[in-house]
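Numbering (our numbering), first residue to last: 1242 to 1565.
What follows is a single structure, written as structure tokens, with notes after it.
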Amino acid sequence: MKIPRAQARGIFVFAFVTATLMVLAGFLLNRPAQRQPANSSPSPSIDVVYQYPMNDAQFQSNLRAAYSVKALTPEQMRRLGSVTNRSQIYIDGCHSNQGLAIPTQACVFGDLKSSKAIWLVGDSHAAQWFVALNDFALNHHYRLVTRTMSSCPFLLGVPKLAGRAGPYWQCQTHNTWLAGKIASENPAVVIAAGYSGIQSTNLDATLRAMPLLGTPTTKVVILGDTPKPRGAVLDCLGNNAKSAQNCFATSDSVGATDLAIKVSARAKKLGFGYLRLTDWFCQNPKCPAVIAGRIIYAQGTHISTEAQQYFESRMESSLLNLLR
């Protein structure tokens, strides 16, 4: 049967196009992947900024490099307005303000189905580790119960607070309640931290309270404090975009050093774990405000949520070593 000329032309074009596409597909599928030269720098992007180290050597390398960083990138400058330490426990109302002595919420996170619990206790310098600890609890099947209160590290009695008009009796009530709850509920792990500026002023009360953090079957880990920024770091970085070294924090406070020595010695005597966190942030008394592209500090003396995310794997490996 003779095929009409127009139909024959259509069949030819279809066959030609199909064959061309098949050849092109084969070329693309078998072509070697394009690799970036080893000595080239990746183009700036959020994905590159938030690649996280997975071992101590990488963390130390990043920290060494941070001392030579002078200028913020345009992307880091854009982020300054959104850097915060306000994690989920602030949004949910699970970090108590100074007027609420006894929590009214359960404040349970992590693996909600687990029978094992980690309790996070202390003031806002304990709360600033929530992001990293919540991921640890999820990954290792713990419930995470948060019992943190503003300006109220775990200590005995009414703390002395600089600049406060009256006695902070709510903190005493909170810590008395907390000690009773730890004793009765017997959590698997208690993690405690506090602001060195308050703890060093109340050193004896801090040391005397430490045995109440644990039970015979509870493992306790004390987190040393983070370095203290000089003033408002975000404002400083905004005003020193080309000289970020002007915004370094410091780890050489006499009170903080004395506190760390005495708390770590007390922790060792009690059989508690202790993490000296200044080693994560500093290689000398001055501590970078930007490490590996992350803005380390947020409001006041607190580390940022992106710093918490950055240190997640280091917190995880450290806790696993202390809890085994």
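By construction, the Cβ of each residue, glycine as well, lies at the ideal position given by its N, Cα and C atoms.
Burial state of residue i (16 or more Cβ within 10 Å)
{"i": "N1443", "result": "buried"}
{"i": "D1364", "result": "buried"}
{"i": "G1438", "result": "buried"}
{"i": "P1278", "result": "Because P1278 carries a pLDDT of 30, less than 50, the predicted location of this residue cannot be relied on, and no value is offered for it."}
{"i": "H1366", "result": "buried"}
{"i": "M1318", "result": "exposed"}
{"i": "W1410", "result": "exposed"}
{"i": "L1353", "result": "exposed"}
{"i": "L1561", "result": "exposed"}
{"i": "P1457", "result": "exposed"}
{"i": "S1558", "result": "exposed"}
{"i": "K1460", "result": "buried"}
{"i": "V1188", "result": "No answer is possible for residue 1188: the residues shown for the chain start at 1242 and end at 1565."}
{"i": "N1338", "result": "exposed"}
{"i": "I1332", "result": "exposed"}
{"i": "A1298", "result": "exposed"}
{"i": "S1309", "result": "exposed"}
{"i": "P1529", "result": "buried"}
{"i": "A1406", "result": "exposed"}
Pairwise C-alpha distance: residue j and residue i
{"i": "F1350", "j": "W1360", "result": "10 angstroms"}
{"i": "S1545", "j": "S1425", "result": "34 angstroms"}
{"i": "R1535", "j": "Y1515", "result": "25 angstroms"}
{"i": "P1294", "j": "A1378", "result": "20 angstroms"}
{"i": "P1470", "j": "I1423", "result": "33 angstroms"}
{"i": "S1356", "j": "P1526", "result": "42 angstroms"}
{"i": "Q1346", "j": "W1370", "result": "19 angstroms"}
{"i": "R1320", "j": "Y1436", "result": "26 angstroms"}
{"i": "N1427", "j": "A1548", "result": "31 angstroms"}
{"i": "T1542", "j": "T1498", "result": "16 angstroms"}
{"i": "R1565", "j": "A1420", "result": "24 angstroms"}
{"i": "T1414", "j": "P1400", "result": "11 angstroms"}
{"i": "A1501", "j": "G1340", "result": "29 angstroms"}
{"i": "H1381", "j": "A1358", "result": "11 angstroms"}
{"i": "C1335", "j": "C1477", "result": "30 angstroms"}
Nearest-angstrom beta carbon gap, residue j and residue i [assumed within contact, 8 angstroms]
{"i": "C1393", "j": "N1375", "result": "Not a contact, Cβ separation roughly 21 angstroms."}
{"i": "I1343", "j": "A1368", "result": "The pair is not a contact, with the Cβ atoms about 17 angstroms apart (cut-off 8 angstroms)."}
{"i": "I1532", "j": "N1303", "result": "6 angstroms"}
{"i": "A1473", "j": "V1324", "result": "In fact, because the Cβ distance is near 11 angstroms, the residues do not count as touching under 8 angstroms."}
{"i": "F1395", "j": "R1555", "result": "So it is not a contact: roughly 24 angstroms between Cβ atoms."}
{"i": "A1403", "j": "E1553", "result": "With 8 angstroms as the limit, A1403 and E1553 do not qualify as a contact, their Cβ atoms being about 33 angstroms apart."}
{"i": "V1431", "j": "L1454", "result": "5 angstroms"}
{"i": "V1362", "j": "A1429", "result": "So it is not a contact: roughly 14 angstroms between Cβ atoms."}
{"i": "R1305", "j": "Q1486", "result": "Incorrect: roughly 14 angstroms between the Cβ atoms, too far for contact."}
Range of the contiguous beta strand (DSSP E) that encloses residue i
{"i": "F1350", "result": "1349-1351"}
{"i": "L1464", "result": "1460-1464"}
{"i": "A1548", "result": "No beta strand (DSSP E) holds A1548; the alpha helix (DSSP H) holding it covers 1546-1551."}
{"i": "A1358", "result": "1358-1363"}
{"i": "A1473", "result": "Looking at the DSSP string, A1473 is not in any beta strand (DSSP E), and its letter there is neither H nor E."}
{"i": "R1388", "result": "1384-1390"}
Continuous alpha helix (DSSP H) stretch holding residue i: start and end
{"i": "M1318", "result": "1315-1320"}
{"i": "T1414", "result": "1410-1426"}
{"i": "V1495", "result": "1495-1511"}
{"i": "Y1331", "result": "1329-1332"}
{"i": "I1439", "result": "1437-1440"}
{"i": "V1372", "result": "1371-1380"}
Do the region 1456-1466 and the region 1515-1530 meet, that is, are 3 or more Cβ pairs less than 8 angstroms apart? yes
Counting Cβ pairs closer than 8 angstroms, one from the region 1484-1491 and one from the region 1502-1513, do we hit at least three? no
Measuring CB atoms only, is the region 1385-1393 touching the region 1444-1457, in the sense that at least three cross pairs come out at less than 8 angstroms? no
Any contact between the region 1472-1485 and the region 1302-1316? By contact I mean 3 or more CB pairs, one from each, below 8 angstroms. yes
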